[in-house]
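Here the sequence shown is numbered in our numbering, starting from 419 and rising by one per residue. This report refers to the structure that appears directly beneath it.
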Amino acid sequence: MYLTSTSNYAYQNDTNLVLKMDNAVIPGDNVPYHTGGIETRDKFNFKYGMIEARMKYDEGNGAWPAFWMMPQFNTYGGWPRSGEIDICEHFNTTTTTQQNVFTYKQHLINQKAIIYSAPYIQNAYNVYTLLWTENSLRFFVNGKFTTSYNKAPGDTWEAWPYDQPMYIIFNQSCTDTWWYIDLNKLPFHNRVDYVRVYQASHIYNAGFEYGNALTPWTAWSANQTGAVSVVNNNAHSGTNALSLSGGEKSAEQLVTSLKPNTTYVLKAYAKLGTGTGASVGVKNYGGTTVGSAVTSNTYTQQQITFTTGATNTSALIYFYKNSVNGTAYADDFSLEEL
Ligand SMILES: [Ca+2]
Numbered sequence: 419m420y421l422t423s424t425s426n427y428a429y430q431n432d433t434n435l436v437l438k439m440d441n442a443v444i445p446g447d448n449v450p451y452h453t454g455g456i457e458t459r460d461k462f463n464f465k466y467g468m469i470e471a472r473m474k475y476d477e478g479n480g481a482w483p484a485f486w487m488m489p490q491f492n493t494y495g496g497w498p499r500s501g502e503i504d505i506c507e508h509f510n511t512t513t514t515t516q517q518n519v520f521t522y523k524q525h526l527i528n529q530k531a532i533i534y535s536a537p538y539i540q541n542a543y544n545v546y547t548l549l550w551t552e553n554s555l556r557f558f559v560n561g562k563f564t565t566s567y568n569k570a571p572g573d574t575w576e577a578w579p580y581d582q583p584m585y586i587i588f589n590q591s592c593t594d595t596w597w598y599i600d601l602n603k604l605p606f607h608n609r610v611d612y613v614r615v616y617q618a619s620h621i622y623n624a625g626f627e628y629g630n631a632l633t634p635w636t637a638w639s640a641n642q643t644g645a646v647s648v649v650n651n652n653a654h655s656g657t658n659a660l661s662l663s664g665g666e667k668s669a670e671q672l673v674t675s676l677k678p679n680t681t682y683v684l685k686a687y688a689k690l691g692t693g694t695g696a697s698v699g700v701k702n703y704g705g706t707t708v709g710s711a712v713t714s715n716t717y718t719q720q721q722i723t724f725t726t727g728a729t730n731t732s733a734l735i736y737f738y739k740n741s742v743n744g745t746a747y748a749d750d751f752s753l754e755e756l
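In structure tokens form, the structure reads like this:
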């Protein structure tokens with residue numbers, strides 16, 4: 419109810435992320451309760467795929483832990499127009515957990531979400547999963563299907579805003595507006611063991627973690643100095659990254675099975691090492707080559723939108739470094755249909 423920036427309320431303990439809620443007095447801050455939460459807004463978002471988290475939360479009256487997603491861009495307007503997906507939300511000491519879908523259409527009917535109650539194991543770790551496709555949201559608890567929300571033919575954004583990227587939120591909230599808070603049970607904790615996101619990608623070896631090799635990326639070099647290589651340092655995630663060093667270089671991958679006349683988003687994390695200029699881009703897709711300049715010495719997500727030509731079903735994606743000596747790195751490529 420009152421999110422705090424204090425690290426006492428959102429911290430790592432052994433292998434868990436712990437989110438806490440209590441009524442401790444914080445000097446200079448006279449609200450009655452403090453809660454902890456984290457989110458990936460502006461840092462990580464995705465569209466379509468599978469997301470799951472393993473978590474365990476305390477039960478007690480007033481406790482309200484949650485694992486949910488909100489729209490990154492509010493494409494259809496502010497809440498609830500652009501949607502909200504609650505993959506796990508638990509209240510008090512109830513024996514079921516909630517998996518909710520918000521739509522503007524439903525909001526006009528009764529001001530509420532479409533609420534699904536799912537069985538779970540109380541006072542234990544449970545795995546909560548959402549499988550998100552172009553026309554369905556399918557929910558699971560501990561690998562068992564619980565319920566689904568589907569896009570019907572003819573549905574517009576009012577019933578299906580779920581064609582836009584969303585970000586992830588974990589928190590341990592509370593409420594004394596709807597219920598009383600059992601002060602004897604405080605503090606309440608939500609412990610998150612892991613969260614994982616799986617997405618089908620057109621790009622292979624997109625994180626450079628397979629066999630310390632470039633395959634199926636190909637190297638191009640304007641001269642013999644330096645190298646196009648996979649290195650065991652400067653990773654954005656995992657152990658490895660793509661490295662370009664020395665003079666003018668690039669690494670390229672031909673992606674296939676694309677649809678004609680279709681808009682895609684290419685994303686990659688890239689940074690400059692000792693180099694002065696690099697870019698991530700795409701060419702040979704039926705339009706003009708488009709690139710995004712890498713200008714930072716820390717990993718920044720590059721994003722390129724392109725639309726395939728009327729007869730094009732492939733594209734060449736690349737990471738390029740200019741002719742000045744030095745290094746540049748890239749990692750975690752992805753290509754999604756918009
Ligand atoms: Ca990597």
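Glycine included, every Cβ here is placed at the ideal spot set by N, Cα and C.
Sub-9 Å separation of Arg609 and Met468 beta-carbons
No; because the gap between Cβ atoms is not below 9 Å, this pair is not in contact.
Which parts of the stretch 480-534 are runs of the alpha helix (DSSP H), unbroken and 4 residues or longer, counting only runs that do not cross its ends?
As far as the stretch 480-534 is concerned, its whole alpha helix (DSSP H) runs of at least 4 residues are 522-528.
Neighbourhood of Tyr585 by C-beta distance below 7 Å, restricted to the same chain and skipping five residues each side
Glu457, Thr458, Arg459, Phe462, Asn463, Met487, Met488, Gln490
Buried or exposed by the 16-neighbour rule on C-beta atoms within 10 Å, applied to Thr574
Exposed, since its Cβ has fewer than 16 Cβ neighbours within 10 Å.
Ile444 bridges to which residues according to DSSP?
DSSP, once it has assigned bridges, lists Asp447 as partnering Ile444.
For ligand 1, any of its heavy atoms closer than 8 Å to the Cβ of Asn658?
yes
Count the other C-beta atoms from every protein chain shown that fall within 10 angstroms of the C-beta of Gly480, then say buried if there are 16 or more, exposed otherwise.
In summary, Gly480 is buried, with 16 or more beta-carbon neighbours lying within 10 Å of its beta-carbon over all protein chains present.
Complete runs of the alpha helix (DSSP H) confined to the stretch 608-635 [at least 4 residues]
Taking only runs of at least 4 residues, no alpha helix (DSSP H) segment lies wholly in the stretch 608-635.
Are Ala471 and Ile527 touching if we call contact CB-CB under 9 Å?
Ala471 is not a Cβ neighbour of Ile527, given a cutoff of 9 Å.
Determine the burial state of Ala686: buried for a count of at least 16 other Cβ atoms within 10 Å of its Cβ, exposed for fewer.
buried
Enumerate in chain order the residues of its own chain whose CB-to-CB distance from Ile539 is below 8 Å, with the five nearest sequence positions on each side excluded.
Taken in chain order, the residues that qualify are Asn560.
At a cut of 8 Å, does the stretch 628-645 reach the stretch 588-607 through at least three beta carbon pairs?
no
Does the stretch 533-547 come close enough to the stretch 643-660 to have 3 or more Cβ pairs within less than 8 Å?
no
Can you tell me the Cα-Cα spacing of His430 and Met439, whole angstroms?
The residue you asked about is not His; residue 430 is Gln in the sequence shown. So the two alpha carbons sit approximately 15 Å from each other.
Are the Cβ atoms of Asn589 and Gly455 separated by less than 9 Å?
yes
For ligand 1, I want to know if Ala653 counts as a neighbour, meaning its beta carbon is within less than 8 Å of at least one of the ligand's heavy atoms.
yes
At a threshold of 8 Å, does Glu627 count as lining ligand 1 (C-beta to nearest heavy atom)?
yes
Excluding the five sequence neighbours on either side, which residues of its own chain have a C-beta within less than 6 Å of the C-beta of Lys701, listed in chain order?
Within the same chain, Lys701 has close Cβ partners Thr707, Leu734.
Among Lys523, Gln516, Thr514, the one whose alpha carbon lies nearest that of Trp497
Lys523
Less than 8 Å between C-beta atoms, sequence neighbours within five positions excluded: which residues of the same chain meet that for Ile621?
Same-chain partners within the cutoff: Gln671, Val673, Ile735, Phe751, Ser752, Leu753.
When DSSP labels each residue in this structure, what does Asn602 get in the three-state scheme?
helix
Residues in the same chain with beta-carbon distance under 6 Å from Arg614, minus the five sequence neighbours each way, listed in chain order, please.
Within the same chain, Glu470 come within 6 Å of Arg614 by CB-CB distance, once the 5 residues on both sides are set aside.
Trp575 - DSSP class collapsed to helix/strand/coil:
Three-state result, Trp575: coil.
If you follow the beta strand (DSSP E) that Arg472 is in, where does it begin and where does it stop?
467-475
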